[in-house]
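Asks: As they're listed, the protein sequences go chains A and B. Start counting the first sequence at 179; every next residue gets the next number (the numbering used here). Start counting the second sequence at 394; every next residue gets the next number (the numbering used here). Virtual Cβ for every residue (Gly too), placed ideally from N, Cα, C. One structure coming up, written as structure tokens, with questions to follow.
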Amino acid sequence: MVRSPQSPVLSISGLVKDVGPLASLDGKMLRVVSDVSLIAGRGEVTALLGPNGAGKTTTLECAQGLQRRSGGTIKLLGEDPASAGADLRSRVGVMLQDGGLPPSAKPVPLLRHIAGLYANPWPVEDLVERLGIDTFSRTGVRRLSGGQKQRLALAAALVGRPEVLFLDEPSAGLDPQSRALVFDLISELRSSGMGIILTTHLMDDAQRLADYVYIIDGGRNVAEGTVQQLLQREPAVDSGADHVRTLVFEAQPGLDVSAVLPASIAVAETRAGSYSVTGALTPAHLAALAAWWEAMGIMPAAMSLQARSLEDVFLDISGKDIR
Amino acid sequence: MNGTGTAAGSAPGNGLAEAAGGRQHPASLLRRVLLQGKYEAITMLRNGEQLILAVVLPLLALVGLTVTPFLDGLGPSRVNVAVPGILALCAMSTAFTGQGIATGFDRRYGVLRFLSTTPLGRGGLIAGKVLSVLVVLCLQIVVVSAVAFALGWQPVAAGWLPGLVLLVLGAAAFTSLGLLVAGTVRPEATLAITNLLWILLGAMGGIVIPADRLPAAAQSIVHFLPSGALGESLRDAFLHGALNGGAALILVLWTAIAGAAAIRWFKWN
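Below, the structure is given as structure tokens:
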């Protein structure tokens, strides 16, 4: 599958990254990325999906110029990030997995400081309001919740009005409200023409956000396509699970959904307020669920029914579970 | 560019359209470094522990050395012998222990990596740190000198120029050493190493107590330590108005060696 977005912001070809030498390998180098290639376009969300340790973060950090690659080529906005100057860095926003925020800082002064590094930053007041940071603008970073920290880190990545935005595990630690806010903003930024590249090990993040998905495992590409294309792949083996479907819906956390469905249907609250119902679902099951929602006064915020999930696709390709 | 600036100003409610439009540029290098220097200096001055290390302990040491007879017989008055060493101690507090600990924890929390992806970059980040050390050191010199004058300090007027140059050289050497430690070991280890060395070098490194008051075994090596070189040369400057070229050279060598080692081995994550 060869992909050629109209206007690529990032292209990586044959990326190799060795780390070490490591004492645990008798002083040998460890190859953490052996062959990753990808293209990300303007006005698109490109997702790198894979289990922890697949090489997603390393790939991103090579693209951001934070790590030196051992082989392959990378072009970020037409330049090699390894030798990039302040000019290129001013056009690229980065949200790291661990945030990168000083614990003693206060959100608004920190954002003002970072904004000062750009010629034409996003007005801090506007950004603070958009991301709901105004509710904790005077609280030190070390006392913020996970979701608040993520929103602040996103604001710090956006304050320079980047053309390219890197998000490493953007939904990590987000409560349902923060997640909705952050996802809406990401969609809006995409519409404005920003090229967004994110990593995630969460299938539903990729399913909900990504225009194009690269599945990475063991330091190399194993599959790619739009979410639809990936879901339509033929299963590698006939698992006999033709009738198995998954219903995913979002509502208030803590519901006992299993009470209204037979034991043969598996129910899980995969994240607070996000439920996945898997099994040989029939219209009767859906009717029972809908009747229960009505009786309980529940209106799901989002809902989708899938014959297969990206999880199944990943299982097919790699022969193992992503989690 | 003015064009994009005006557009941003007229529609502050919608920063999104701008993201796709005009190309972003970094603020000038000078502005970036000045901003980072200011930000780090304010952060240091707001940190209670850093302030104790940077100002309170040196002032206590100054008063202690002025009221006790440790330094008797080394110069015209106790305070005249004590002050140059206290100024040297200030440089070590801020540049080595203070900046070392701050950088170690910034590294742990990914702050160094994040800032190096902004227009500031790694070079700007280091320049900002050096600038913040110099700003805090200037404030320390003002406070210590004011207290010292109140205690009857009479420095040789010709000592100020060499004295200030040596303080900058000392700050450079200690900043290089602090960054070397912060960039190569865990932040908890940085905390332990820089605090321990502050106490050891402060007491036995020839910084506040001149080498000839130390045990014989220590005397021979103290001259080659950055602490001894800075302490001795500042006493030469403020007591005799002389520039100790040998000590200045030792400070430059420490800066070069520690700086090169830091560039070689500093780990950003």
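Give a yes or no on whether 8 Å exceeds the smallest Cβ distance from A:Asn399 to chain B.
Replies: Locating residue 399 of chain A in the first sequence gives position 221, counting from the first residue. Not one chain B Cβ lies under 8 Å of A:Asn399.
Asks: Since I believe A:Leu188 is in contact with A:Ala241 (beta carbons under 8 Å), could you give me their beta-carbon distance rounded to a whole number of angstroms?
Replies: As a position in the first sequence, residue 241 of chain A is number 63, starting the count at 1. As a position in the first sequence, residue 188 of chain A is number 10, starting the count at 1. At roughly 6 Å, the Cβ-Cβ gap stays under 8 Å, so A:Ala241 and A:Leu188 are in contact.
Asks: May I have the straight-line CA-CA distance separating B:His633 from B:Leu427, to the nearest angstrom?
Replies: Here residue 633 of chain B corresponds to residue number 240 of the second sequence, with the count starting at 1. Here residue 427 of chain B corresponds to residue number 34 of the second sequence, with the count starting at 1. If I take the Cα positions, the gap works out to 36 Å.
Asks: Could you tell me whether any Cβ in chain B is nearer than 8 Å to the Cβ of A:Ser268?
Replies: Along the first sequence, read from residue 1 onward, the residue named residue 268 of chain A stands at position 90. Answer yes: the Cβ-Cβ gap between A:Ser268 and chain B drops below 8 Å somewhere.
Asks: Mind checking which residues open and close the beta strand (DSSP E) that includes A:Leu177?
Replies: The structure shown does not extend to residue 177 of chain A, since chain A is modelled only from 179 to 501, so the question has no answer here.
Asks: Just list the residues that DSSP pairs A:Ile495 with in beta bridges.
Replies: As a position in the first sequence, residue 495 of chain A is number 317, starting the count at 1. According to DSSP, A:Ile495 bridges with nothing at all.
Asks: Below 6 Å CB to CB, which residues in the same chain sit around B:Leu544 once its five sequence neighbours on both sides are set aside?
Replies: The residue you call residue 544 of chain B lines up with position 151 of the second sequence. So the qualifying residues of the chain are Thr459, Val472.
Asks: Run down chain A in chain order and give the residues with a C-beta less than 7 Å from the C-beta of B:Ala420.
Replies: Translated into the one-based positions of the second sequence, residue 420 of chain B becomes position 27. Gly294, Leu295, Tyr296, Ala297, listed in chain order.
Asks: So B:Gly563 is in the beta strand (DSSP E); what residue range does that whole segment cover?
Replies: Here residue 563 of chain B is taken as the residue at index 170 of the second sequence, counted from 1. Here B:Gly563 belongs to no beta strand (DSSP E); instead the alpha helix (DSSP H) covers 553 to 577.
Asks: Using the beta-carbon count (16 or more within 10 Å), is A:Gly249 buried or exposed?
Replies: Counting from 1 along the first sequence, the entry for residue 249 of chain A is found at position 71. Label assigned to A:Gly249: exposed.
Asks: Is A:Thr235 buried or exposed, if buried means 16 or more other CB atoms sit within 10 Å of its CB?
Replies: For the purposes of this step, residue 235 of chain A is taken as residue 57 along the first sequence, with counting starting at 1. By the 10 Å Cβ count, A:Thr235 comes out buried.
Asks: Does the Cβ-Cβ distance between A:Leu279 and A:Asp346 come in under 8 Å?
Replies: Here residue 279 of chain A is taken as the residue at index 101 of the first sequence, counted from 1. Here residue 346 of chain A is taken as the residue at index 168 of the first sequence, counted from 1. No, the pair does not count as a contact, with Cβ atoms beyond the cut-off.
Asks: Nearest CA to the CA of A:Ala485: which residue from A:Ser185, A:Leu352, A:Gln410, A:Leu464?
Replies: By one-based count along the first sequence, residue 485 of chain A stands at place 307. A:Ala485 has its Cα closest to that of A:Gln410, out of A:Ser185, A:Leu352, A:Gln410, A:Leu464.
Asks: Once the 5 residues before and after B:Gly624 are set aside, which same chain residues still bring their CB inside 6 Å of it?
Replies: As a first step, residue 624 of chain B is located in the second sequence; it is residue number 231 there, counting from the start. Result list for B:Gly624: Gly478, Ala481, Gly599, Ile600, in chain order.
Asks: Flag this pair as yes or no: are the beta carbons of A:Pro431 and A:Ala450 separated by less than 8 Å?
Replies: In the first sequence, residue 431 of chain A corresponds to position 253, counting from 1. In the first sequence, residue 450 of chain A corresponds to position 272, counting from 1. Cβ distance < 8 Å, so A:Pro431 and A:Ala450 count as in contact.
Asks: With A:Ala218 and A:Ile394 assumed to form a contact (beta carbons below 8 Å), what rounded beta-carbon distance in angstroms separates them?
Replies: The count along the first sequence starts at 1 and reaches residue 218 of chain A at position 40. The count along the first sequence starts at 1 and reaches residue 394 of chain A at position 216. At roughly 14 Å, the Cβ-Cβ gap does not stay under 8 Å, so A:Ala218 and A:Ile394 are not in contact.
Asks: How many angstroms separate the CA atom of B:Leu464 from the CA atom of B:Ile602?
Replies: For the purposes of this step, residue 464 of chain B is identified with residue 71 of the second sequence, where counting begins at 1. For the purposes of this step, residue 602 of chain B is identified with residue 209 of the second sequence, where counting begins at 1. Approximately 7 Å between the Cα atoms of the pair.
Asks: What would DSSP say about A:Val286, mapped onto helix, strand or coil?
Replies: Here residue 286 of chain A refers to the residue found at position 108 when the first sequence is read from its first residue. Three-state result, A:Val286: helix.
Asks: Rounding to the nearest angstrom, what Cα-Cα distance links B:Gly517 and B:Gln429 in this structure?
Replies: Numbered from its first residue, the second sequence carries residue 517 of chain B at position 124. Numbered from its first residue, the second sequence carries residue 429 of chain B at position 36. About 8 Å.
Asks: State the Cα-Cα distance for the pair B:Val504 and B:Ala495, rounded to the nearest angstrom.
Replies: To locate residue 504 of chain B, count along the second sequence from 1; it is residue 111. To locate residue 495 of chain B, count along the second sequence from 1; it is residue 102. Rounded to the nearest angstrom, the two C-alpha atoms are 11 Å apart.
Asks: Under 8 Å, do B:Ala585 and B:Met597 count as touching if we go by C-beta distance?
Replies: In the second sequence, counting from the first residue as 1, residue 585 of chain B sits at position 192. In the second sequence, counting from the first residue as 1, residue 597 of chain B sits at position 204. No; because the gap between Cβ atoms is not below 8 Å, this pair is not in contact.
Asks: Between which two residues does the alpha helix (DSSP H) harbouring B:Phe507 extend?
Replies: Walking along the second sequence from the start, residue 507 of chain B turns up at place 114. Under the DSSP assignment, B:Phe507 falls in the alpha helix (DSSP H) whose first and last residues are 504 to 510.
Asks: Is the CB of A:Ser282 under 8 Å away from at least one CB in chain B?
Replies: For the purposes of this step, residue 282 of chain A is taken as the residue at position 104 of the first sequence. For A:Ser282, the answer is yes, since a Cβ of chain B falls inside 8 Å of its Cβ.
Asks: Answer yes or no: does any C-beta atom of chain B fall closer than 8 Å to that of A:Gln406?
Replies: Along the first sequence, read from residue 1 onward, the residue named residue 406 of chain A stands at position 228. Taking 8 Å as the CB threshold, A:Gln406 stays off the interface with chain B.
Asks: Rounded to whole angstroms, what's the CA-CA distance from A:Gly271 to A:Val210? Just pull it up for me.
Replies: Within the first sequence, numbered from 1, the residue matching residue 271 of chain A stands at position 93. Within the first sequence, numbered from 1, the residue matching residue 210 of chain A stands at position 32. Each residue's Cα considered, the two are about 24 Å apart.
Asks: If you drop the 5 nearest sequence neighbours on each side, which residues of the same chain put their C-beta closer than 6 Å to that of B:Pro360?
Replies: A query on residue 360 of chain B cannot be resolved here, the shown segment of chain B reaching from 394 to 662 and no further.
Asks: Pick helix, strand or coil for A:Thr236, following the three-state DSSP scheme.
Replies: Position 58 of the first sequence, counted from the start, is the residue given in the question as residue 236 of chain A. A:Thr236 falls in the helix class under three-state DSSP.
Asks: Find the residues of chain B that neighbour A:Asp276, judging by a C-beta separation of less than 8 Å, and give them in chain order.
Replies: Counting from 1 along the first sequence, the entry for residue 276 of chain A is found at position 98. Scanning chain B for C-beta atoms nearer than 8 Å to the C-beta of A:Asp276 yields Tyr502, Gly503, reported in chain order.
Asks: Relative to the alpha-carbon of B:Ala418, which residue among B:Asn662, B:Ala454, B:Gly497, B:Leu513 has its alpha-carbon at the smallest distance?
Replies: For the purposes of this step, residue 418 of chain B is taken as residue 25 along the second sequence, with counting starting at 1. Checking the sequence, you will find His at residue 418 of chain B rather than Ala. That would be B:Leu513, whose Cα lies nearest to the Cα of B:His418.
Asks: At least one CB of chain B closer than 8 Å to the CB of A:Asp490: is that the case?
Replies: As a position in the first sequence, residue 490 of chain A is number 312, starting the count at 1. Cβ-Cβ to chain B under 8 Å: no for A:Asp490.
Asks: What is the DSSP secondary structure of A:Met477, counted as helix, strand or coil?
Replies: Residue numbering aside, residue 477 of chain A sits at position 299 when the first sequence is read from its first letter. Of the three classes helix, strand and coil, the one that applies to A:Met477 here is coil, per DSSP.
Asks: For a cutoff of 8 Å on Cβ pairs, would you count B:Leu464 as touching chain A?
Replies: Walking along the second sequence from the start, residue 464 of chain B turns up at place 71. Under the Cβ criterion of 8 Å, B:Leu464 is not counted among the residues facing chain A.
Asks: Taking only beta-carbon atoms, is A:Asp265 less than 8 Å away from chain B?
Replies: As a working mapping, residue 265 of chain A is identified with position 87 in the first sequence. Yes, contact with chain B.
Asks: Anything in chain B within Cβ reach of A:Arg411, meaning under 9 Å, just list it in chain order.
Replies: Indexing the first sequence from 1 puts residue 411 of chain A at position 233. Contact note: A:Arg411 does not reach chain B at a C-beta cutoff of 9 Å; the least C-beta distance is about 33 Å.
Asks: Given a threshold of 16 other Cβ atoms within 10 Å of its Cβ, counted over all protein chains shown, does B:Pro462 qualify as buried or as exposed?
Replies: For the purposes of this step, residue 462 of chain B is identified with residue 69 of the second sequence, where counting begins at 1. Classification for B:Pro462: exposed.
Asks: My output table needs one value for A:Phe427: the three-state DSSP class, helix, strand or coil.
Replies: Position 249 of the first sequence holds residue 427 of chain A. Residue state, collapsed to three classes: strand.
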